[in-house]
Amino acid sequence: MPSLIAEDVNVWFGQRHVLKDVNLVFPDKEVTALIGPSGCGKSTFIRTLNRMHELIPSAGLGGKVILDGQDIYEPGVDPVAVRLKVGMVFQKPNPFPTMSIKENVLSGLKLSNRRTADANGLVETSLRRASIWNEVKDRLNDPALSLSGGQQQRLCIARSLAMDPEILLMDEPCSALDPGSTRRIEETILELSEDMTIVIVTHNMQQAQRVSTRTAFFLAEDGNPGQVVEFGETEQVFNQPIDLRTNDYVNGHFG
Amino acid sequence: MEKVITPVARPKTAEPWKQISFTNMVLLVLASVVPLGVALIAMLAGLQFELALLLVFLPVQLVVGALVGRRVSGKRGMSDAILQVLVIFFAASVFVLLVSVVWSVIQSGLSAMSWQFFSQNNVYISQSTSLEYGGVGHAIIGTLLLVTLSTIVTVPLGIATAVYLTETRGKTRSVVRTLIQALSGLPSVVAGLFIYAMFIASGITQYVGWAGSLSLIPLMLPTVARVAEESLLLVPQELRNGALALGAPAWRAFWLVTMPAAKSGLITAVLLGIARIIGETAPLVVTTFAANGTNLNPFNGAIATLPTYLYGFINSNFDTAVQRAWGAALVILILVAILFIAARVMTRSKKAKKKAGK
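As they're listed, the protein sequences go chains A and B.
Residue numbering for the first sequence is 7 to 261, as defined by this note's numbering.
Residue numbering for the second sequence is 50 to 407, as defined by this note's numbering.
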């Protein structure tokens with residue numbers, strides 16, 4: 007059984023129903039892309055997978071998110087424990103400004119009060135996996151903000167990887183970056199997918215095709231709650247979509 | 050093939066948006082000279098300086114400015130000129146007021162300054178004793194003790210309030226915010242009388258240092274809480290989310306990410322809070338009273354502070370007593386100046402560090 011499953015996920019903000027009956031199964035060690043026009047709820051959905059959703063004051067939720075056989079929304083489940091297993095990279099790079107590059111990589115350990123025997127080793131492995139090691143190895147003690155936007159984003163990926171999550175959520179990780187940085191992050195994603203499950207929200211359809219094996223197309227029509235219109239192999243969703251609306255979207259007819 | 054591109058020296062006309070025609074230049078010069086001239090003539094005719102400034106200079110400057118503004122850039126220029134004249138005039142008045150306050154304290158207080166004014170206390174000193182004897186050493190110590198005591202209590206309380214307001218979703222946040230705002234309007238003498246009625250008039254204690262510290266807390270708390278709240282609000286939500294997404298409990302995310310990011314603002318909050326209470330007189334007169342000797346124990350007996358010392362000497366017929374009072378005022382001013390400079394240095398050093406990193 008795959009380790010991450012969303013069952014009948016519904017989301018409300020206040021009284022507004024924004025996501026209806028989302029059922030997705032995320033295959034282990036594969037990349038799943040969530041695509042769809044702005045406002046369709048894909049970013050909202052990805053935040054339900056590591057319980058970041060509930061940090062929004064008016065948020066409401068129905069359904070189950072099953073991680074390793076357990077519903078993470080069951081009473082008694084500690085959101086902190088969930089977030090330790092499910093890492094997240096945000097749209098805007100958000101390295102901690104008061105910390106150096108090295109401290110940023112180790113910040114997850116410090117924030118969750120864990121220790122490691124080999125801090126330097128962990129810093130190097132994490133930065134290597136995020137393919138930024140060669141650029142920063144000589145200035146690990148420089149402030150994180152001295153890096154470029156693309157480097158900051160890869161540092162944030164390294165920061166998540168240092169916690170060794172089972173699953174990595176990426177919410178439009180390249181939308182604030184130039185094409186060069188985007189390409190490097192896509193390469194990183196492909197390498198990472200060899201040993202972890204990745205869910206990525208993207209607006210860029212070429213990117214979805216390049217990095218993902220499965221794609222879910224989200225759509226919210228005329229103020230209705232967002233829904234998953236189509237979910238399948240990326241190849242199939244883009245080349246032989248079953249739903250006409252998917253066809254229109256992936257061919258650029260709207261959105 | 051290599052192409053050489055030679056840079057060209059920057060021409061004087063490199064700011065075309067600042068070019069101005071000769072007529073307009075003349076008009077602008079006229080606009081700034083004519084009102085001054087008119088006011089001078091009015092003064093020569095026997096008008097008082099203040100009256101000339103308000104009744105002649107300001108109206109003339111407004112009218113001339115408006116006309117020239119209209120001529121140079123139309124209707125918008127007219128309202129622009131009027132607003133500019135008003136803003137500059139009143140900003141300058143406030144600046145002059147501020148400088149004159151500081152200047153008169155320095156001028157009047159300087160004659161009392163000497164080493165012994167800082168080191169000695171007020172024992173055996175009467176209103177007419179020469180300035181060579183006695184000083185405010187005991188009052189400096191008293192002020193520092195009381196302010197330190199208040200700060201130790203208020204800073205954790207104020208920052209905790211700010212954390213409650215910004216970092217939690219407590220249901221009573223709006224009530225707390227309103228109460229804090231109301232507290233900042235509390236007249237200081239009321240705070241003092243409240244403590245007086247509760248502890249001194251009721252016979253629980255005599256005049257004592259800690260009662261003064263207690264009465265300063267409600268005055269300091271709103272400043273600390275509000276400035277700290279502002280600085281915590283400036284920390285981007287993304288940083289908190291980043292920390293929480295890494296699996297941090299909320300308190301650790303605050304302690305290790307949000308608070309360090311707001312550090313300079315929090316330091317400013319503390320220093321502004323101290324500056325707020327360091328010159329308070331009324332609550333101290335009714336709680337700590339005054340003492341002539343040096344009292345190092347704020348938990349036993351009356352204690353002198355700079356404001357109460359000042360208050361005790363300023364209404365005297367003797368020149369030396371008045372000079373002592375001005376001297377004490379200058380010492381307070383110096384203490385506040387040190388605090389503000391410290392605040393500037395601490396907040397700037399952080400920015401400078403950031404710049405050096407880039």
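Using N, Cα and C, we set each Cβ at its ideal position, and we do this for glycine too.
Pick from A:Ser64, A:Val83 and A:Gly66: whose alpha carbon is nearest that of leucine 73 (chain A)?
In terms of CA proximity to leucine 73 (chain A), A:Val83 leads the group A:Ser64, A:Val83 and A:Gly66.
At a Cβ cut of 8 Å, what residues of the region 171-182 of chain A count as close to chain B, listed as they run along the chain?
Nothing from the region 171-182 of chain A brings a Cβ to less than 8 Å from some Cβ of chain B.
Members of the region 32-63 of chain A that neighbour chain B once the beta carbon cut-off is set at 8 Å
Contacts with chain B (Cβ-Cβ distance below 8 Å) from the region 32-63 of chain A involve Asn56, Met58, Leu61 and Pro63, listed in chain order.
For the region 103-135 of chain B, which segments carrying the beta strand (DSSP E) assignment without a break, of at least 3 residues, lie completely within its bounds, in sequence order?
Taking only runs of at least 3 residues, no beta strand (DSSP E) segment lies wholly in the region 103-135 of chain B.
For phenylalanine 166 (chain B), report the span of its beta strand (DSSP E) as first-last.
Taken as a continuous stretch (DSSP letters only), phenylalanine 166 (chain B) belongs to no beta strand (DSSP E), being part of the alpha helix (DSSP H) at 164-168.
Could you work out which residues of chain B lie near methionine 202 (chain A), taking near to mean beta carbons separated by less than 8 Å?
For methionine 202 (chain A), no chain B residue has a C-beta closer than 8 Å to its own C-beta; the minimum C-beta separation is roughly 16 Å.
Beta carbon of alanine 302 (chain B) nearer than 7 Å to that of valine 284 (chain B)
No, they are not a contact pair.
To the nearest whole angstrom, what separates the beta carbons of isoleucine 189 (chain B) and leucine 355 (chain B), a pair I think is in contact under 8 Å?
That belief holds up - the Cβ atoms of isoleucine 189 (chain B) and leucine 355 (chain B) are roughly 7 Å apart, short of 8 Å.
By the DSSP assignment, the alpha helix (DSSP H) with threonine 72 (chain B) in it spans what residues?
Looking at the DSSP string, the run of the alpha helix (DSSP H) that includes threonine 72 (chain B) is 71-93.
Identify each residue in the region 226-237 of chain B for which the Cβ-Cβ distance to at least one residue of chain A is less than 7 Å, and report them in chain order.
Within the region 226-237 of chain B, no residue has a Cβ lying closer than 7 Å to any Cβ of chain A.
Whose CA, out of B:Ala353, B:Ala351, B:Trp375 and B:Asn346, lies closest to the CA of isoleucine 155 (chain B)?
Looking at the Cα atoms, B:Trp375 is the closest of the given residues.
Can you tell me which residues form a DSSP beta bridge with threonine 203 (chain A)?
Threonine 203 (chain A) pairs with A:Ile173.
Just checking: is the beta-carbon of lysine 26 (chain A) within a distance shorter than 7 Å of some beta-carbon in chain B?
Chain B, which has no Cβ nearer than 7 Å to the Cβ of lysine 26 (chain A), makes this no.
I'd like to know if alanine 297 (chain B) contacts chain C, where contact means its C-beta is closer than 7 Å to some C-beta of that chain.
This model lacks chain C altogether; the protein chains it does include are A and B.
Would you mind giving the Cβ-Cβ distance between serine 315 (chain B) and proline 267 (chain B), rounded to the nearest angstrom? I have them listed as a contact below 8 Å.
In the sequence as displayed, the identity of residue 315 (chain B) is leucine instead of serine. Their Cβ separation, rounded to whole angstroms, is 20 Å, which puts leucine 315 (chain B) and proline 267 (chain B) out of contact at 8 Å.
Give the DSSP-derived three-state secondary structure of glycine 258 (chain A) in the structure shown.
Collapsing the DSSP output to three states places glycine 258 (chain A) in coil.
Taking a contact to mean a Cβ-Cβ separation below 7 Å, would you say glycine 69 (chain A) touches leucine 174 (chain A) in this structure?
It is not a contact, given that the beta carbons lie outside the stated cut-off.
Could you list which residues in chain B have their beta carbon closer than 7 Å to that of methionine 94 (chain A), in chain order?
Within 7 Å Cβ-Cβ: Ala294.
Mind reading off the beta-carbon distance from threonine 203 (chain B) to leucine 104 (chain B)? Whole number of angstroms is fine, and I expect it under 8 Å.
Contact between threonine 203 (chain B) and leucine 104 (chain B) does not hold, since their C-beta atoms are separated by about 47 Å, which reaches or exceeds 8 Å.
Check whether the Cβ of alanine 125 (chain A) lies closer than 7 Å to any Cβ atom in chain B.
Under the 7 Å criterion on CB atoms, alanine 125 (chain A) is classed as non-interfacial with respect to chain B.
With a Cβ-Cβ cutoff of 7 Å, do glycine 186 (chain B) and serine 118 (chain A) count as a contact?
Taking 7 Å as the Cβ cut-off, glycine 186 (chain B) and serine 118 (chain A) do not qualify as a contacting pair.
Classification of glutamine 133 (chain B) by the beta-carbon crowding that lies within 10 angstroms, buried from 16 upward
A residue is called buried when at least 16 other Cβ atoms come within 10 angstroms of its Cβ; glutamine 133 (chain B) does not meet this threshold and is exposed.
Rounded to whole angstroms, how far is the Cβ of serine 199 (chain A) from the Cβ of lysine 35 (chain A), which I believe are closer than 8 Å?
The Cβ separation is near 6 Å, so the contact holds.
When the Cα atoms are used, what is the spatial distance from valine 143 (chain B) to isoleucine 363 (chain B)?
Rounded to whole angstroms, the separation of the alpha carbons of isoleucine 363 (chain B) and valine 143 (chain B) is 26 Å.
What do you get for isoleucine 438 (chain B), buried or exposed, if any count of 16 or more other CB atoms within 10 angstroms of its CB means buried?
Limits of chain B in this structure are 50 at one end and 407 at the other, which puts residue 438 (chain B) out of reach.
Under 9 Å from the C-beta of phenylalanine 102 (chain A): neighbouring residues of chain B:
In chain order, Leu288, Gly291, Ala292, Leu305, Val306, Pro309 and Ala310 make up the part of chain B whose C-beta sits under 9 Å from the C-beta of phenylalanine 102 (chain A).
What residue ranges within the region 264-308 of chain B form continuous alpha helix (DSSP H) runs of no fewer than 4 residues, ordered along the chain?
Annotation: the region 264-308 of chain B contains the following complete segments of the alpha helix (DSSP H) (minimum length 4 residues), in chain order: 286-294 and 299-302.
Let me see if you follow: with CB-CB separation under 7 Å, is arginine 301 (chain B) close to chain A or not?
When Cβ-Cβ separations below 7 Å define contact, arginine 301 (chain B) makes contact with chain A.
Look at the alpha carbon of histidine 383 (chain B) and the alpha carbon of aspartate 124 (chain A), and state the distance between them as a whole number of angstroms.
The amino acid at residue 383 (chain B) is misidentified as histidine; the sequence shows isoleucine. If you draw a straight line from the Cα of isoleucine 383 (chain B) to the Cα of aspartate 124 (chain A), it comes to about 51 Å.
Interface residues of chain B facing glycine 6 (chain A) [CB-CB closer than 7 Å]:
Absent from the structure is residue 6 (chain A), since the part of chain A shown begins at 7 and ends at 261.
In the DSSP assignment, what are the bridge partners of phenylalanine 223 (chain A)?
DSSP, once it has assigned bridges, lists A:Ile41 and A:Glu236 as partnering phenylalanine 223 (chain A).
With a cut-off of 7 Å, does the C-beta of lysine 98 (chain A) fall near any C-beta of chain B?
So, interface residue.
According to DSSP, simplified to helix, strand and coil, what is lysine 67 (chain B)?
Reduced to three states, the DSSP call for lysine 67 (chain B) is helix.
Counting only Cβ-Cβ distances shorter than 8 Å, please list the residues of the region 184-197 of chain A near chain B, keeping chain order.
None of the residues of the region 184-197 of chain A has a beta carbon lying less than 8 Å from any beta carbon of chain B.
Does leucine 10 (chain A) get closer than 7 Å to chain B when you measure Cβ to Cβ?
Leucine 10 (chain A) does not count as touching chain B.
Do leucine 151 (chain A) and isoleucine 107 (chain A) count as a contact pair if the criterion is CB distance below 7 Å?
No.
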